Every structure is written in structure tokens, then in C-alpha cells.
Amino acid sequence: MPELDFPQAIGLVAFSIGATAFLHKDGHKFRLHLTLFQIFLCSHFILMGAVTAAIGCGISALRSYVSTRTQSSHVMWFFIGLLWLMGLPNVEHSYEILTIFGASVATWALFKAQGIHMRLLILFNSFCWLTNNLLLGSIGGIMMEATFIMVNILTTYKMYRTSKQLSA
2 MPELDFPQAI
12 GLVAFSIGAT
22 AFLHKDGHKF
32 RLHLTLFQIF
42 LCSHFILMGA
52 VTAAIGCGIS
62 ALRSYVSTRT
72 QSSHVMWFFI
82 GLLWLMGLPN
92 VEHSYEILTI
102 FGASVATWAL
112 FKAQGIHMRL
122 LILFNSFCWL
132 TNNLLLGSIG
142 GIMMEATFIM
152 VNILTTYKMY
162 RTSKQLSA
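Just so we're aligned: the sequence shown equals residues 2 to 169 in the working numbering.
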């Protein structure tokens with residue numbers, strides 16, 4: 002079991018911020034909350050020496066914020082390209098590629114998807130990051146992604162149920 006040290010404590014702070022992000026049904030508030038969470042998570046990964054994950058989180062924080070301002074395909078592809086250009090050369094373990102792939106899918110979701118479709122793509126991203134965090138030994142990261150998965154599934158279900166009630 003990983004030791005609870007300063008980097009792990011920062012991961013737990015990130016967890017506490019991120020745990021409520023998926024409760025937002027409003028896409029704009031959701032994206033802003035993700036930005037703050039990803040800044041703290043980036044710090045956690047830097048302190049853990051997980052360079053690829055830190056790069057992915059740093060780019061994702063900027064991407065989440067920018068996606069509140071524009072839905073431009075050019076901007077979206079810029080961020081996806083940046084993830085691969087900066088992340089791939091820093092991959093030390095094969096599982097780290099999951100973070101780049103998951104963040105790329107999440108980028109597409111934040112720029113091109115809405116509602117339940119966006120949530121399902123973000124859910125896929127969470128499974129990619131959960132795998133990375135399990136193999137890295139990030140306590141906060143594991144708790145965070147497991148929570149994200151559960152809360153996202155619950156919120157997505159509520160959104161689905163509401164949409165069915167409105168169409169009935």
C-alpha cells in the first residue's frame with residue numbers, strides 16, 4: 002500500500018475538489034470545476050514524478066477552461082495534438098498511454114458532445130485514468146476516479162431519466 006506523504010496528500014485534496022465536479026448537470030459549471038480539480042491533480046502527479054500524467058492533467062486543465070469559451074474544432078485538435086506531442090515522448094510505462102488516449106477522448110467530449118453523450122465519453126476517460134492510477138499507486142487518484150465513475154453514472158442516469166420524463 003502506498004505511503005501517505007505530501008504528494009499523496011495533494012492527491013487527496015484534488016480528490017476532495019474533484020469529487021463534486023460530476024454533480025453539476027450544467028455543462029459550463031462542470032467544465033470550470035474540472036479545471037480547478039485538474040490543476041491540483043497536475044501538482045499531485047508532478048510531486049509523484051508521473052510526468053506523462055502531469056502533462057495530461059496540465060493540458061486538460063487548460064483545455065477544460067478553454068472549452069467553456071469555445072467549441073472550435075481547431076482548438077480541440079490543437080489540444081489533442083498537444084497531448085500526444087508532449088505526452089508520448091515522456092511515456093515510461095505502457096499503461097501511461099491510457100492517460101493520453103483517455104484525455105484525448107475527454108477533449109473531444111468537452112468540445113463536441115453535450116449532455117449524456119459527453120458524460121459517457123468522460124466515463125471512458127475515467128476508466129483509462131483509474132487503470133493508470135491503480136498501476137501508479139496514486140491513492141487520491143484511485144479514490145477520485147472510482148468516485149467519478151460512480152457519481153458520473155448516477156448523474157448520467159438521472160439525466161437520462163429526466164429526458165425520458167420530458168419526452169413522455
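For each residue, glycine too, the CB sits at the ideal point set by N, CA and C. Keep in mind the model is a prediction, meaning the values are calculated, not measured.
Spatial neighbours of residue i in its chain, beta-carbon cut-off 7 Å, leaving aside the 5 residues before and after
i, result
"residue 77", "108, 109, 112, 113"
"residue 57", "84, 88, 100, 101, 104"
CA nearest to the CA of residue i, picked from the options
i, options, result
"residue 152", "24, 48, 88", "24"
"residue 143", "46, 26, 161, 164", "46"
"residue 30", "65, 123, 166, 148", "65"
"residue 40", "121, 33, 59", "59"
"residue 93", "52, 158, 138, 165", "52"
"residue 121", "150, 95, 97", "150"
"residue 27", "97, 156, 166, 98", "156"
Straight-line Cα distance separating residue j from residue i
i, j, result
"residue 42", "residue 7", "13 Å"
"residue 84", "residue 13", "24 Å"
"residue 22", "residue 128", "16 Å"
"residue 62", "residue 162", "30 Å"
"residue 16", "residue 38", "8 Å"
"residue 140", "residue 67", "29 Å"
"residue 35", "residue 169", "33 Å"
"residue 73", "residue 79", "10 Å"
"residue 91", "residue 119", "28 Å"
"residue 148", "residue 126", "13 Å"
"residue 167", "residue 158", "14 Å"
"residue 5", "residue 164", "43 Å"
CB contact flag (residue i, residue j, <9 Å)
i, j, result
"residue 133", "residue 54", "yes"
"residue 146", "residue 136", "no"
"residue 11", "residue 44", "yes"
"residue 116", "residue 49", "no"
"residue 69", "residue 33", "yes"
Beta-carbon contacts of residue i that lie in its chain and below 8 Å, excluding the five residues immediately before and after
i, result
"residue 81", "105, 108, 109"
Interface flag, residue i vs chain D, CB-CB below 9 Å
i, result
"residue 30", "The chain inventory of the structure shown lacks chain D, comprising one protein chain alone."
Worksheet item: Along the chain, which unbroken stretches of the alpha helix (DSSP H) at least 4 residues long are found entirely within the region 38-79?
Response: 52-67
Fill in: Segments assigned alpha helix (DSSP H), at least 4 residues, entirely inside the region 125-169
140-168
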